[in-house]
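Peer 1: The sequence shown begins at 25 in the working numbering and counts up one residue at a time. We treat Cβ as the ideally placed atom computed from N, Cα and C, and that holds for glycine. Bear in mind the structure is a predicted one, so any value in this text is a computation, not a measurement.
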Amino acid sequence: MVTRNRPFDNWHAFALVVACATISAAWSLPPMFGVAGVRRVSHVAACDLDWESGRPGDRAYLVSLLVGEFLLPLAVIAASYAAIFMHIRRHRSSGLLAASSSQARRDRKFAIHVLAIIGEL
């Protein structure tokens, strides 16, 4: 999973750009059409989402925003790091990635730092 070489040509790049634009539109257009409550901020020339709204559509949009824009990417990142960690651990014992004890200590410190950063999110 971690070490597969896949070709990345212009078609893949174009598909990723189109996917990013589509996902951006899917998250940013609903407030423009009244799906999520938008309120004007009085002291500046701006508006934001009405976080205290009790309408079911507003709450559904805010929950989907939390899940789709924060929790899902966090899960993907955590799964990727776990796959990399397991791959390194599996191949370290084979001698391919054999490390000294000082390297092992640095790796453990690095893993603790990464977990602390993820825990703060």
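Contact check, A50 vs L86 under 8 Å by CB: the rounded distance?
Peer 2: Rounded, the Cβ-Cβ distance is 15 Å, inconsistent with contact.
Peer 1: Assuming P55 and V62 are in contact, meaning their beta carbons sit under 8 Å apart, how far apart are those beta carbons, in whole angstroms?
Peer 2: With 8 Å as the limit, P55 and V62 qualify as a contact, their Cβ atoms being about 5 Å apart.
Peer 1: When the Cα atoms are used, what is the spatial distance from D33 to V91?
Peer 2: One C-alpha to the other measures close to 31 Å.
Peer 1: Just curious, the beta strand (DSSP E) that V42 is in, first and last residue?
Peer 2: Careful: V42 lies outside any beta strand (DSSP E), inside the alpha helix (DSSP H) at N34 to S52.
Peer 1: Using CA coordinates, which residue listed in A39, G143 and V42 is at the minimum distance from A99?
Peer 2: When only C-alpha atoms are compared, the closest one is G143.
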